[in-house]
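First up is the structure itself, then whatever we jot down about it.
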Amino acid sequence: MRPLIYIMTPVLILTIFLASRFVTWDAIKGVDRQAQLHVQKGTASLRSWKLPQAIKAFTRAIEIEPRYAEAYMKRGLAYYRSAQYETAIADYTETLKLKRYQADAYASRGEAYQSLGDLQRAIEDYSASLKRRWNASVMQKRAETYFKHGNTQKALAEYDDLIKRKPTAMAYYGRGNVYLHLSIRGHENRLKLALADLDQAIALEPRFASAYISRAQVHSHLGDRTLESQDTKHANSLLIDALDKQIIDAIQKQVIQALMKHIHVF
3 MRPLIYIMTP
13 VLILTIFLAS
23 RFVTWDAIKG
33 VDRQAQLHVQ
43 KGTASLRSWK
53 LPQAIKAFTR
63 AIEIEPRYAE
73 AYMKRGLAYY
83 RSAQYETAIA
93 DYTETLKLKR
103 YQADAYASRG
113 EAYQSLGDLQ
123 RAIEDYSASL
133 KRRWNASVMQ
143 KRAETYFKHG
153 NTQKALAEYD
163 DLIKRKPTAM
173 AYYGRGNVYL
183 HLSIRGHENR
193 LKLALADLDQ
203 AIALEPRFAS
213 AYISRAQVHS
223 HLGDRTLESQ
233 DTKHANSLLI
243 DALDKQIIDA
253 IQKQVIQALM
263 KHIHVF
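The numbering of the sequence shown is our numbering, which starts it at 3 and goes up by one.
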């Protein structure tokens, strides 16, 4: 499964991290008990990706407690996962109006703006989040967004800073891809820099399928067909293994659900 997570970009990593942060603060402040129970129910549904049920539960909590910031924040995530990005933005904006979870709300809203293709607003929200609290995942996303926006110099500077602070496989992979992009556009001296970064990404995460794919491209531009072929084959093998595991996990889940229904019947 891990290679697929890397292929999909760090969106899942970021959203899961953010979801884990919104927990008990509102309960401490005397929120209505029924509203709390609806949020607990919605959170359980959100974790198991039962998104309509999660949205319904969070909406009920908001009906009871219209200023329940945690409910807005989590409902925003449920809408985001449902690809209802504009509605997610509305909930994140409401959270910001309530002056709660500022760093997380800006980061999450930035994700939604990026999904809509509004890269400038995404960058602005990531920046607002980082001003309130530094976070490696948010910085990674801002670097990626700079790159998508065509600002390679800012992307490189961002990755340089990120690698100094927290040298992860994703950070080296991101910077390696920027160097690869520059080499394709005529800066051939960046190919060796790309190769070094992708080597480091793979050293840190040996099952990083995307890094093997990018490194295969570097070997191709360097004219080394043997190494290009090796990396391509290895990436394909990792992806097939991940897909097989995903299928097995899905089958196991279906079997468990069927058994649970059978138990309830008796």
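We treat Cβ as the ideally placed atom computed from N, Cα and C, and that holds for glycine. Quick caveat, the model's predicted, so the values are computed rather than measured.
Work out the CA separation of Glu88 and Gln122 for me, nearest whole Å. Gln122 and Glu88: Cα-Cα distance of roughly 16 Å.
Where Lys101 falls, given that 16 or more other Cβ within 10 Å makes a residue buried: Flag for Lys101 reads exposed.
How would you label Arg69, buried or exposed, when you count the other beta carbons within 10 angstroms and need 16 or more for buried? For Arg69, the number of other beta carbons within 10 angstroms of its own is below 16, and it is reported as exposed.
Buried versus exposed, by CB contacts within 10 Å (16 or more), His40: His40 comes out buried.
Cutting at 6 Å between CB atoms, please list the residues of its own chain near Ala138, excluding the five before and the five after it. Hits under 6 Å: Lys168.
Contact belief for Tyr161 with Ala145 at Cβ below 8 Å, rounded distance in angstroms: That belief holds up - the Cβ atoms of Tyr161 and Ala145 are roughly 5 Å apart, short of 8 Å.
Grouping DSSP H, G and I as helix and E and B as strand, with all else coil, what is Val33? Coil at Val33, not helix or strand.
Backbone CA spacing between Gln104 and Asn191 [nearest angstrom]: Each residue's alpha carbon lies about 42 Å from the other.
If you drop the 5 nearest sequence neighbours on each side, which residues of the same chain put their C-beta closer than 7 Å to that of Ala300? Any question about residue 300 goes unanswered here, given that the chain covers just 3 to 268.
For Gln202, is the classification buried or exposed, using 16 other Cβ atoms within 10 angstroms of its Cβ as the cut-off for buried? Per the 10 Å Cβ criterion, buried.
Euclidean distance between Cα positions of Asn153 and Leu241: So the alpha carbons of these two residues sit roughly 31 Å apart.
For Ala213 and Thr26, the rounded distance between their alpha carbons: Any reading at Thr26 needs caution, since the residue's pLDDT is 46, under 50, leaving its predicted position unreliable; the model's value is listed next. Roughly 38 Å separates the two Cα atoms.
DSSP three-state assignment for Thr95, whether helix, strand or coil: Annotated three-state conformation of Thr95 is helix, per DSSP.
Return the first residue and the last residue of the alpha helix (DSSP H) that Lys52 is part of. Per DSSP, Lys52 belongs to no alpha helix (DSSP H) and is neither H nor E.
Taking only the alpha-carbon atoms, compute the straight-line gap between Leu182 and Glu67 and give it to the nearest angstrom. Roughly 51 Å between the two C-alpha positions.
My parser needs the alpha helix (DSSP H) runs of 4 or more residues fully inside the region 189-233; what are they? The qualifying runs are 193-206 and 211-224.
Leu100 by DSSP, collapsed to three states: which one? Leu100: coil per DSSP, three-state reduction.
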